[in-house]
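What follows is a set of notes on a single structure, which appears directly below.
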Amino acid sequence: MSENGRKKAFALIVVLILIGTVMGLAMSYVSLKKGKEIAEERGHPFDKRMARAFALRYTSSIIVISINIMLLIGLLWIYMDTYSKTNSSFMLGLMFFIGVLLIQSLLSLPLVHAMFGYTPSGLGPFGVIPYLFETMALVILTALSME
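The opening residue of the sequence shown carries number 47 in the working numbering; numbering runs sequentially from there.
So, in structure tokens, the structure goes:
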């Protein structure tokens, strides 16, 4: 990859990570605020120490998954662009593959689970670690796809 190509790949990855982080923070803030209001309406006791630990895990999960979603959208865009130039069946397959991963990431958002009435389980840091590995894999794949 040329120096210019590396710079473009790095810039794209940084922009996608920043957009994902901002989106994740916004979704987390809004959903935690709404969740606290609902809990108070139902008369549930509010333990600040537990709430802080939950909010940290919840927010970090949403941020990491949002970053993954943005990286997947970036990869989908790259593969669609390449497919339009080459009509390669391999690129078409990669687009479907990325589409499936995108759906998986969207369904992994704790916000989606909460919308259907499910609460996050007590996995602690193990709830977010798999998504961090997915993020690393997507960053590598994005950099390689920009070559």
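Glycine is no exception: its CB is placed at the ideal position from the N, C-alpha and C atoms.
DSSP places Ser112 within a helical segment (H, G or I) once states are collapsed to three.
With a threshold of 16 other beta carbon atoms within 10 Å, Asn50 falls short and is exposed.
If you ignore the 5 residues before and after Thr105, its C-beta comes within less than 6 angstroms of the C-beta of Ser74, all in its own chain and listed in chain order.
Across the structure, Ile111 and Asn133 are spaced so that their CA atoms are roughly 31 angstroms apart. Here DSSP, grouped into helix, strand and coil, assigns Glu193 to coil. Counting the other Cβ atoms within 10 Å of the Cβ of Glu180 gives 16 or more, which makes it buried. The C-alpha of Ile175 is placed about 16 angstroms away from the C-alpha of Ala99.
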